[in-house]
Amino acid sequence: MLLPRIDVAETADALDITAELPGVSEKDVEVSVARGILTIRGEKKVERDEKGKDWQVIERSHGSFQRSVQLGFDPDPAKVEAKFDKGVLTVHLPKPPEDVRAPRKIEIKSAA
């Protein structure tokens with residue numbers, strides 16, 4: 001399985017994740033987010049004509065790929081944006097408000 005290379009940049013209000021997917025078509029890429037994990041998966045298809053050729057060297061890769069990134073927060077899927085341009089996927093994940101992410105003290109009640 002192929003493993004796309006990524007860059008992760010954090011700002012005060014979002015995470016921006018950029019993945020290199022050279023030779024991959026936009027329609028062959030799927031982006032999902034669940035339980036604080038962003039997953040990028042898809043397939044890089046073979047782009048060569050096999051008929052009548054005796055291949056001497058084959059170095060270009062093809063096949064399925066998947067990359068998951070632990071975000072540290074659970075983003076609102078409706079606010080996540082993904083763009084694909086010239087083999088580069090960019091995903092913008094807005095962070096939830098601070099009060100939603102902050103730890104909260106839970107009162108412990110006695111069983112009696």
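Under full-length UniProt numbering, the residues of the sequence shown are numbered 1 to 112, in order.
Backbone N, C-alpha and C define an ideal beta-carbon position, used for all residues, glycine too.
Starting from residue i and walking both ways along the beta strand (DSSP E), at which residues does that stretch end?
i   : result
I17 : A14 to E20
Give me the Cα-Cα distance between residue i and residue j, rounded to the nearest whole angstrom.
i    : j    : result
V46  : G63  : 8 Å
K79  : P96  : 10 Å
E50  : A34  : 40 Å
I108 : D74  : 26 Å
L2   : R104 : 40 Å
D13  : W55  : 50 Å
At a cut-off of 8 Å, would you count residue i as near the ligand ATP, judging by its Cβ distance to the nearest heavy atom?
i   : result
F84 : Among the components modelled here there is no ligand, and therefore nothing to report on the ligand ATP.
Assuming residue i and residue j form a contact by the criterion Cβ under 8 Å, report the distance between their Cβ atoms to the nearest whole angstrom.
i   : j   : result
V24 : G42 : 6 Å
If contact is defined by three or more beta carbon pairs under 8 Å, each pair taking one atom from either stretch, is the segment 88-99 in contact with the segment 13-22?
yes
For the UniProt domain "SHSP" (1-111), which segments carrying the alpha helix (DSSP H) assignment without a break, of at least 4 residues, lie completely within its bounds, in sequence order?
98-101
Taking contact to mean at least 3 C-beta pairs separated by less than 8 Å, is the segment 30-45 in contact with the segment 58-78?
yes
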